[in-house]
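Student: So the sequence shown is numbered by the UniProt record's numbering: it starts at 1 and just counts up by one. Ideal Cβ placement from N, Cα and C applies to all residues, glycine included. Just dropping this structure here.
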Amino acid sequence: MSLTIPLSVLDLSPIVEGGTAAQALRNTLDLARHAEALGYRRFWVAEHHNMTGIASAATSVVIGYIAGGTSHIRVGAGGIMLPNHAPLVIAEQFGTLESLYPGRIDLGLGRAPGSDQRTAWALRRDRSDNGDNFPRDVQELQAYFRPAQPGQAVRAVPGAGLNVPLWILGSSTFGARLAAELGLPYAFASHFAPDQLMEALHLYRQHYKPTAANPKPHAMVGVNVFAADTDDEAEVLFTSLQERFVALARGNPGPLRPPQPGIQWSPEERAWADRALRYSVVGGPETVRHGLSAIAQQTGADEIMVTAAIHDHAARKRSFQITAEVAGLLARPTSS
């Protein structure tokens, strides 16, 4: 039995221990080509700053690199942290991407800084902006993508009149309410912050206001999927992500480490990581099939975005291949 909903990919261009950002970005493009061949719908990268384990800080540049190296998979941001930027700049960047790769670009928008507070200040982020201006900035960005009006003083060139689908990203009910109010698709970061997932999905669907571009709500949920030929092998691969969360809890983030069987952590650290990562499917093909089906049924998601912080690039590609096979992606025609 295959899943009946599309699967997409979120990749953070992981810099592995002993590796480089250049290698991470090359691996991201290789994974995008692999995902395209396997039938995934989208391939997104995310904006993070001052993180030595993530290479996708210049997100728009990375999207151009991926789109230029693939042929039809949708490529986008999951997401752009809009409070870090002037909406006009993002309109121009994504207008440029849409002009170069028409019909293939997505723009997911988040309100977090994607960094610590000191780094946010270094990005020239307004110190008084704690995300409260996010709805206004989203609407300003929307306006730049509409056809330019006679006498309009400021235009996005390129950008005006182009169809760049916007998504609202979130890990709380704030983004769900905003996406519903604006009639936009919504992606929830359940792969690392799942606590408000079900409440957010309920609010999004309950309060959704249809638009011409999006007559129905469209909800996507993030899931960590670590697939391997056996359950035991997948559990070992998963320890790299568990160890990353331990490092975050201890204030010592860094490059993605090799699998660490027998992680030394406190009961409190283990409980925190288990709670944060509970939307994770880890195992062989049958375990992955049942796990993804259960999440799809529980959430009623219209789409699942798969992410996998796996240290070994070949094992990462194998994980996405197994996931595609058990979901029946190769048997389906691709669509936007």
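(1) Quick one, are the C-beta atoms of residue 144 and residue 87 less than 8 Å apart?
(2) Here's the rule I'm using: 16 or more other beta-carbon atoms within 10 Å means buried, otherwise exposed. How should residue 17 be labelled?
(3) If you run the structure through DSSP and keep just helix, strand and coil, what is residue 81?
(4) According to DSSP, is residue 198 helix, strand or coil?
(5) With DSSP as the reference, label residue 236 as helix, strand or coil.
(6) By DSSP, does residue 14 sit in helix, in strand, or in coil?
(7) Three-state secondary structure (DSSP) at residue 186?
(8) If you reduce the DSSP assignment to three classes, tell me which class residue 278 lands in.
(9) For residue 219, write down the residues that DSSP places opposite it in a beta bridge.
(10) So, using beta-carbon positions, are residue 187 and residue 169 closer together than 8 Å?
(11) Measuring alpha carbon to alpha carbon, tell me which of 200, 85, 13 ends up nearest residue 62.
(12) Could you pull out every residue in the same chain whose Cβ sits closer than 6 Å to the Cβ of residue 305, ignoring the five residues on either side in sequence?
(13) Counting Cβ pairs, one atom from each stretch, are 3 or more of them under 8 Å apart for the segment 183-198 and the segment 299-316?
(14) Once you ignore the five residues that flank residue 240 on each side, which residues in its own chain have a CB closer than 8 Å to its CB?
(15) Which ranges would you report for the alpha helix (DSSP H) in the segment 25-91 if only whole runs of at least 4 residues count?
(16) Might you give, ordered along the chain, the residues of its own chain that have their beta carbon closer than 6 Å to the beta carbon of residue 27, omitting 5 neighbours on each side?
(17) Shortest alpha-carbon distance to residue 137 belongs to which of 166, 25, 191, 119?
(18) Helix, strand or coil: how does DSSP classify residue 134 here?
(19) Within a Cβ cutoff of 7 Å, which residues of the same chain sit near residue 140, ignoring the five residues on either side of it in sequence?
(20) Since I believe residue 164 is in contact with residue 95 (beta carbons under 8 Å), could you give me their beta-carbon distance rounded to a whole number of angstroms?
(21) Roughly how far, in whole angstroms, is the beta-carbon of residue 246 from the beta-carbon of residue 288, given that I think they are within contact range, below 8 Å?
(22) Buried or exposed: residue 250, going by 16 or more other Cβ atoms within 10 Å of its Cβ?
(23) State the CB to CB distance for the pair residue 291 and residue 234, rounded to an integer number of angstroms; the pair is presumed to be in contact (CB under 8 Å).
(24) Skipping 5 residues on each side, what residues in its chain have a beta carbon closer than 7 Å to that of residue 296?
(25) Given this structure, state the Cα-to-Cα distance separating residue 100 from residue 31, to the nearest angstrom.
(26) Please report the distance separating the alpha-carbon of residue 60 from that of residue 44.
(27) Thinking just about the alpha-carbon of each residue, which of 201, 180, 231, 227 is nearest to the one in residue 210?
(28) Please report the residue range of the beta strand (DSSP E) in which residue 299 lies.
(29) For residue 232, which option in 277, 267, 272, 286 has the closest C-alpha, if you only look at C-alpha atoms?
(30) From the DSSP output, which residues share a beta bridge with residue 112?
(31) Would you grab the beta carbon distance between residue 276 and residue 192 for me? Rounded to a whole angstrom, and I think it's under 8 Å.
(32) If you draw a straight line from the alpha carbon of residue 134 to that of residue 23, how long is it in whole angstroms?
(33) Taking the C-alpha atoms as reference points, what is the distance between residue 230 and residue 237?
(34) For residue 34, which option in 81, 19, 71 has the closest C-alpha, if you only look at C-alpha atoms?
(35) Using DSSP bridges, identify the partner residues of residue 268.
Tutor: This is what the structure holds:
(1) yes
(2) exposed
(3) strand
(4) helix
(5) helix
(6) strand
(7) strand
(8) coil
(9) 186
(10) yes
(11) 13
(12) 8, 10, 220, 222
(13) yes
(14) 256, 257, 258, 259, 260, 309, 310, 311
(15) 59-68
(16) 313
(17) 166
(18) helix
(19) 87
(20) 7 Å
(21) So it is not a contact: roughly 24 Å between Cβ atoms.
(22) exposed
(23) Not quite, the Cβ-Cβ distance comes to about 11 Å (not below 8 Å), so this is no contact.
(24) 3, 5, 304
(25) 21 Å
(26) 11 Å
(27) 180
(28) Not the beta strand (DSSP E): residue 299 falls in the alpha helix (DSSP H), residues 285-299.
(29) 286
(30) DSSP, once it has assigned bridges, lists no residue as partnering residue 112.
(31) 6 Å
(32) 34 Å
(33) 11 Å
(34) 71
(35) Per DSSP, none; premise fails for residue 268.
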